[in-house]
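Colleague:
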Amino acid sequence: GAGVSQSPSNKVTEKGKDVELRCDPISGHTALYWYRQSLGQGLEFLIYFQGNSAPDKSGLPSDRFSAERTGGSVSTLTIQRTQQEDSAVYLCASSSYRQGTQYFGPGTRLLVL
Amino acid sequence: KQEVTQIPAALSVPEGENLVLNCSFTDSAIYNLQWFRQDPGKGLTSLLLIQSSQREQTSGRLNASLDKSSGRSTLYIAASQPGDSATYLCAVLGETSGSRLTFGEGTQLTVNP
């Protein structure tokens with residue numbers, strides 16, 4: 059596609075429910091990143107996928123967070139048993155190689171009530 | 004641990020002024036530095052990427068410089084326009100930070116007509 063797309067654009071959920079966030083990277087980009095942007099915390103790295111290599115999960119805040127990337131393209135970020143502190147904008151980015159320009163999607167705004 | 008600081012946090016200027024945004028980072032072992040803009044409620048738009056071996060990059064009215072040894076970068080915006088109003092973020096890709104970008108808190112720019 060022309061750019062990185064994310065869905066849904068907004069998600070409201072109740073505390074304790076699971077949510078899935080989707081990212082479609084730019085076609086041909088082998089690197090895919092998830093970040094979180096919350097008030098007072100700035101932008102935080104969550105996870106990085108590069109081709110078929112094992113993902114860098116070092117930024118995931120707890121074991122309630124997981125992500126997968128199927129077929130080297132689409133990625134899904136799953137948050138289990140959501141908490142109110144999970145409320146944030148979740149941003150996905152992709153790049154053609156690890157040290158290349160990272161292009162960001164519009165984000166998914168998650169609100170946990 | 005890499006830390007990125009942006010000064011000022013907010014800036015308001017009249018249309019037509021030239022302005023400079025500052026970014027500093029604590030660990031000079033970086034691969035590159037990237038400048039983004041973020042409009043309210045939107046994702047990040049990449050403006051410029053400077054590789055560690057480069058001193059500056061230019062795109063239209065924007066010029067970014069990098070002094071890796073002193074841990075500083077500046078974004079120069081010439082002849083500012085109201086459409087330039089946004090939050091500007093700088094981010095570094097460190098040699099020892101894996102694949103993550105480390106972001107500053109941003110400078111919120113308002114250009115008044």
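Sequences listed follow chains A and B, in order. Following the numbering used here, the numbering of the first sequence begins with 59 at its first residue and continues without gaps. Following the numbering used here, the numbering of the second sequence begins with 4 at its first residue and continues without gaps. Where a beta carbon is used, it is the ideal one built from N, C-alpha and C, also for glycine. This one's a predicted model, so the numbers in the text were calculated from it and none came from an experiment.
1) Using 8 Å for Cβ pairs, my map puts L52 (chain B) next to Q60 (chain B). What's the rounded Cβ distance?
2) Under three-state DSSP, which class holds E126 (chain A)?
3) Starting from the beta carbon of K71 (chain B), find every residue of chain A whose beta carbon is closer than 7 Å, and list them in chain order.
4) Quick one: complete beta strand (DSSP E) runs, 3+ long, within the segment 65-114 of chain A?
5) Which full runs of the beta strand (DSSP E) of 3+ residues lie inside the segment 22-58 of chain B, going along the chain?
6) Closer than 8 Å by beta-carbon distance: list the chain B residues that pair up with L149 (chain A), in chain order.
7) Which chain B residues are close to G130 (chain A), counting only those with a beta carbon under 9 Å from its beta carbon?
8) DSSP three-state label for Q142 (chain A), please.
9) I'd like the span of the beta strand (DSSP E) that includes P17 (chain B), first residue to last.
10) Pair every Cβ in the segment 112-119 of chain A with every Cβ in the segment 152-171 of chain A, then say whether three or more of these pairs are closer than 8 Å.
11) Specify whether the segment 30-50 of chain B and the segment 147-159 of chain A touch according to this definition: at least 3 beta carbon pairs, one from each stretch, less than 8 Å apart.
12) Exposed or buried, I10 (chain B), counting other C-beta atoms within 10 Å across all chains shown (16 or more means buried)?
13) List, in order along the chain, the chain B residues whose C-beta lies closer than 7 Å to that of R156 (chain A)?
Modeller: If we stick to the structure as given:
1) 7 Å
2) E126 (chain A) falls in the strand class under three-state DSSP.
3) Ordered by position in chain A, no residue passes the 7 Å Cβ test against K71 (chain B), which lies about 15 Å from the chain.
4) The qualifying runs are 68-71, 77-82, 89-96 and 100-108.
5) 22-28, 33-41 and 47-54
6) Within 8 Å Cβ-Cβ: G46 and L47.
7) By Cβ distance, chain B contributes nothing, its closest Cβ being about 16 Å from G130 (chain A), past 9 Å.
8) helix
9) A13 to P17
10) no
11) yes
12) exposed
13) S102
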